[in-house]
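2 protein chains.
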Amino acid sequence: MSYKVTLVGATGAVGREMAAVLAQRGFPVGELRMLASARSAGKTLSWNGREIVVANLDEADFSRGEIVLSSAGGKVSKVFAPRAAAAGAVVIDNTSAFRMVPDVPLVVPEVNPHAAKNHHGIIANPNCSTIQMVVALQPLHAYGRLTRIIVSTYQAVSGAGARAMEELTRETRAHLSGAAPAHDVFPHPIPFNVLPHIGGFLPNGYTEEEMKMVNETRKIMEVPDLAVTATTVRIPAYRGHSESIYIETEKKISADLARQLLSRAPGVVVMDDPTNQLYPQPIIAAGRDETFVGRIREDLSRPTGLNLWCVSDNLRKGAALNAVQIAELLAEKGWLPRG
Amino acid sequence: MSYKVTLVGATGAVGREMAAVLAQRGFPVGELRMLASARSAGKTLSWNGREIVVANLDEADFSRGEIVLSSAGGKVSKVFAPRAAAAGAVVIDNTSAFRMVPDVPLVVPEVNPHAAKNHHGIIANPNCSTIQMVVALQPLHAYGRLTRIIVSTYQAVSGAGARAMEELTRETRAHLSGAAPAHDVFPHPIPFNVLPHIGGFLPNGYTEEEMKMVNETRKIMEVPDLAVTATTVRIPAYRGHSESIYIETEKKISADLARQLLSRAPGVVVMDDPTNQLYPQPIIAAGRDETFVGRIREDLSRPTGLNLWCVSDNLRKGAALNAVQIAELLAEKGWLPRG
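Residue numbers (this note's numbering), protein chains in the order written: chain A, 1 to 339; chain B, 1 to 339.
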């Protein structure tokens, strides 16, 4: 059994990672198509020993039972995804276009795999910062019921795409040569700096990224009124988002119990040995599939408060890997339309 | 009226900044002495047009009414500061050696100037991350009474001294040249990375830096049981610590009111205009005296919750400037022993 798989946005940072993850995990790909905008169409990308010519998304047809992994921007998805779904394809979409649409499943396979079953041709892949947080929190929630999350993020530039990574390298070199700071992708210089600004600002003062962490966490964890506060911040790292997470639960979870619960959890690596200076870091998580959790410590002022530090590769678990895991889930459960 | 002023640890990152701040603010310096370890003694530093030979701290005598600004490490302070105080000098000490000693004042002039009056020859200059946080929170506390602080920091490498700044430059260059990551000052590579580790780890799982933020905040704000949680994190910036701060207060403070209260507060600049992408950043705060506050927004889940983003130069307000301000306070109020 193999599947027709199509990558939309194949030339972007996440698209390339999706192609790599498909090959690394041995997903049963029959035909692989690569689609992108008219600007990128005609480029050749190699994949698993094959050379594949990127085709124009606007001219592409979709077929019944096909799996489409998409990361081409929300506006693009809004146009093509309903068309692909109508043709019987299943679009696993990495943009925010459909995430909060009530009948579109928003899925992290370790957390809410059941939600994927009732799709109507579109399944949303959550926001990168949200994915790693819910992977780390679900085992604690299952035991003690979360009542509060306060998270501050330290997000790598690759979350803003390949051009942002190039900007970090270019501008860091320029900075070290004494050149005046410049920027193009980011609204301010990123080398040796910190920007409390990811996504556009909303009328309530929060950013789009912050509200994604609030709303998507509630939807994935199926706690519609969960009290979530997020401050999302860009820092000069390439890959790997870090998160300082404070939680409160109905039932107390000691630090030791949290370590036990997380050690048994799928997709989680507990890295929490401060005596040996062992804790999660972006350079450890980069290129890895797991969500790393450390600095687990009971709050000193609130009896059911717990603090933890969570790092994961935003291009892997935060995007490409999670999308491929959803495809694997659909294939395994037979939740794809018959071709 | 002028004062005999002595810098201890004159050759370090903070010592140099103290010398610069004394000159920039026109502190009435009569004689200026520079002291350091035997290793650094004999070096010549220029200050305000004078050339000053650094002398050996171990061989130095202290005199009545002299102002000693010290930043030479806790062990050094524990030995020399009592000796200097016994001679009638006043030591304004930037280390953690005396901060939590009950009869040693721990002073941020904008917050608790009155505490400086009852010194016994030693006044402690607080931890850098704590200073900027209490400057930003005191105006809100005065209005609404703080009941909760949860802070995650983004701290610049200069907090670890001049060698740490050199390591960031050297290792960033090496990284961009494809060299293997190395480190000396920090326990792991710092370029393009994030380390949730500042100061040693304590048996309760928190770091020394995190517990400084808890204990020093309580002492300076004079709220012994204030519920403070800190996660302190090193990031690859040179100067300027950033803080994501969540607070709860007894009396609700709207975002607008918080902006008003902070706009009137000494030492604070409100920089909170997201529409124009204006918010505090390390590269804005570096070299500046003020504590910058932005991203002020009401919590969405807790009626008295408020979030803010606070950045200040850790070598200026976080260390040298605050120490010189304490010296100015002592001089202005006549709280120095008569010479």
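Cβ atoms here follow ideal geometry from the backbone N, Cα and C, with glycine treated the same way.
- A buried status is given to L306(A), since no fewer than 16 other beta-carbon atoms sit within 10 Å of its beta-carbon.
- Taking 8 Å as the upper bound for CB-CB distance, A19(B) and L7(B) are in contact here, some 6 Å apart.
- Under the 8 Å criterion on CB atoms, I247(B) is classed as non-interfacial with respect to chain A.
- Between V134(A) and G240(A), the alpha-carbon positions lie close to 16 Å from each other.
- Assignment of beta-bridge partners to R50(A) by DSSP yields W47(A).
- Taking CB atoms only, Y3(A) has no neighbour in chain B less than 8 Å away.
- Sequence-distant Cβ neighbours of S129(A) in its own chain, meaning closer than 6 Å and more than five residues away, are T153, M213, H241.
- For the 8 Å CB-CB criterion, T229(B) and Y246(A) form a contact.
- The criterion of a C-beta distance shorter than 8 Å is not satisfied by A38(B) and D61(B).
- Assignment of N118(A) by DSSP, reduced to helix, strand and coil, places it in the helix class.
- When the five nearest sequence neighbours on each side are left out, the beta carbons in the same chain lying within less than 6 Å of the beta carbon of A255(B) are those of I296, R297, E298, in order along the chain.
- In this structure, the alpha-carbon of G144(A) lies about 28 Å from that of V104(A).
- When 7 Å is used as the limit between beta carbons, H141(B) is near no residue of chain A, the shortest such separation being about 16 Å.
- With contacts defined as CB atoms closer than 8 Å, N322(A) and S158(A) fail to qualify as a contacting pair.
- Of all C-beta pairs linking the stretch 260 to 278 of chain A to the stretch 257 to 267 of chain B, fewer than three are shorter than 8 Å, placing the two stretches out of contact.
- In this structure, T172(A) and L176(B) form a Cβ contact; the two beta carbons are roughly 7 Å apart against a cut-off of 8 Å.
- Burial check for P126(B): the Cβ neighbour count within 10 Å reaches 16 or more, so the residue is buried.
- By alpha-carbon distance to S40(A), the top candidate from V53(A), G30(A), F201(A), P28(A) is V53(A).
- Listed along chain B are F192, N193, V194, each with a C-beta nearer than 9 Å to that of P282(A).
- With a beta-carbon spacing of about 4 Å, P280(B) and V311(B) fall inside the 8 Å limit used to define contacts.
- Distance check between L140(A) and each of A320(A), T304(A), R316(A) places T304(A) closest, using alpha-carbon atoms only.
- The residues G144, in chain order, have a CB closer than 6 Å to that of K251(A) in the same chain once the five nearest residues on each side in sequence are set aside.
- The C-beta of Q24(A) has fewer than 16 other C-beta atoms within 10 Å across all chains shown, which makes the residue exposed.
- K117(A) counts as exposed, since fewer than 16 other beta carbons sit within 10 angstroms of its beta carbon.
- Between the alpha carbons of T217(A) and I150(A) lies a distance of about 12 Å.
- For F98(A), no Cβ of chain B is located within less than 8 Å of the residue's own Cβ.
- Residue-level contact by beta carbon holds for I150(A) and chain B, with a gap shorter than 8 Å.
- Residue burial is scored here from C-beta neighbours: E167(B) has at least 16 other C-beta atoms within 10 angstroms and is therefore classed as buried.
- Under the DSSP definition of a beta bridge, Y3(B) partners with V29(B).
- For V214(B), the chain A residues whose Cβ falls inside 9 Å of its Cβ are L300, S301, in order along the chain.
- Under the Cβ criterion of 8 Å, V269(B) is not counted among the residues facing chain A.
- Within 9 Å of the CB of L176(B), the CB atoms of chain A belong to T169, T172, R173, L176, in sequence order along the chain.
- With its beta carbon at least 8 Å from every one in chain B, N48(A) lies outside the interface.
- When Cβ-Cβ separations below 8 Å define contact, T229(A) makes contact with chain B.
- At a cut-off of 8 Å, the C-beta of N204(B) has a neighbouring C-beta in chain A.
- With fewer than 16 other beta carbons inside 10 angstroms of its own, N204(B) counts as exposed.
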